[in-house]
Structure formats: structure tokens, C-alpha cells
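In the working numbering, the protein residues as written are 24 to 149.
This report concerns only the one structure given below.
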Amino acid sequence: MRLPSSTEINNLKATQEDAMADVCNIYHITLSSGTYSTQGTETRSMVSGVACGFVFTGGSTVERGQVLLIDYDVLLRIPANITVRLADEIELVEKGVTMASGTFKVTDNPTVNSTVQHVRLKRQVL
């Protein structure tokens with residue numbers, strides 16, 4: 024098996040970007056523990072306006088006539104160069120041309136390939 028050329032990778036990137044018509048914000052959350060007399064603190068940093076693709080799963084999927092429950096609500100597609108950690112929160116800002124909102128927690132480590140990564144998310148109920 025040969026490695027893809029830079030032209031092929033650029034074509035894959037363009038195809039992936041076309042499939043990412045949504046916009047989201049990624050909140051990197053860092054927790055620090057306190058001492059005996061102080062509370063721990065939570066620090067948030069935001070990466071805003073990330074092109075992404077939200078695919079809502081509905082909590083279950085039908086496969087060969089059987090209903091299989093799954094543990095995530097969204098399969099998120101984002102560029103491979105964006106860092107996503109298990110403690111992060113993802114906020115949906117736009118779904119296509121429709122304004123939307125919702126906050127989601129990462130449920131599993133991302134699956135990364137050469138141009139894109141897939142992240143499983145669970146909706147947060149506030």
C-alpha cells in the first residue's frame with residue numbers, strides 16, 4: 024500500500040471541508056485541585072468558529088432490522104489539526120444555515136485520520 028500524495032491529501036481535505044457545513048465552539052477545560060482550605064478551580068479556553076459536521080444519531084441506530092442502543096447523541100466531524108480532549112465541551116453554534124444551540128461532552132477519544140477526526144458527543148442537559 025502506498026502513501027497518498029500531497030495532491031490527493033489536498034483533495035481529501037477539500038472534500039472533507041465541503042462536508043463540514045456547521046459551526047461549533049470548543050471549550051478546553053482544565054481542572055486544578057485546591058489545597059485543604061481552598062476549592063479547586065476550572066479554567067476554560069475557547070476555540071471559536073470551528074468548521075464542523077454534526078450528525079445527530081438520536082440515541083439509537085437501526086442495523087439489519089435490530090435496534091442497537093448507542094451511548095452518544097452526535098458524531099462530530101472536525102479537521103484533524105484541532106485538539107479535542109475528553110474533558111472538553113463542544114457547543115453547536117450553527118447547523119447548516121440554521122442558527123442552533125446545544126452543549127455536548129466528549130464521550131470517547133477521537134478517531135483521527137489524515138484529514139479529519141470523528142468525536143462522539145453526548146448532549147449536556149443544563
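All residues carry an ideal CB built from backbone N, CA and C; glycine is no exception.
Residue state for Leu-35 is assigned as helix, using DSSP reduced to three classes. Per DSSP, Arg-108 lies in no beta strand (DSSP E) and is assigned neither H nor E. In the DSSP assignment, Asn-136 falls outside any beta strand (DSSP E), carrying neither H nor E.
Contact annotation: Tyr-95 and Thr-38 have beta-carbon atoms that are not nearer than 9 Å.
Within the DSSP bridge table, the entry for Pro-27 names no partner. In this structure Leu-144 is in contact with Lys-128, their Cβ atoms being roughly 7 Å apart against a cut-off of 8 Å. Assigned with DSSP and collapsed to three states, Met-43 falls in coil, not helix or strand. With at least 16 other beta carbons inside 10 angstroms of its own, Ile-101 counts as buried. Residue pairing by DSSP places Asn-104 opposite no residue, since no beta bridge is assigned to it.
With respect to Val-116, Val-70 sits apart: the two C-beta atoms are not nearer than 9 Å. Ala-74 carries a strand assignment under DSSP once its states are collapsed to helix, strand and coil.
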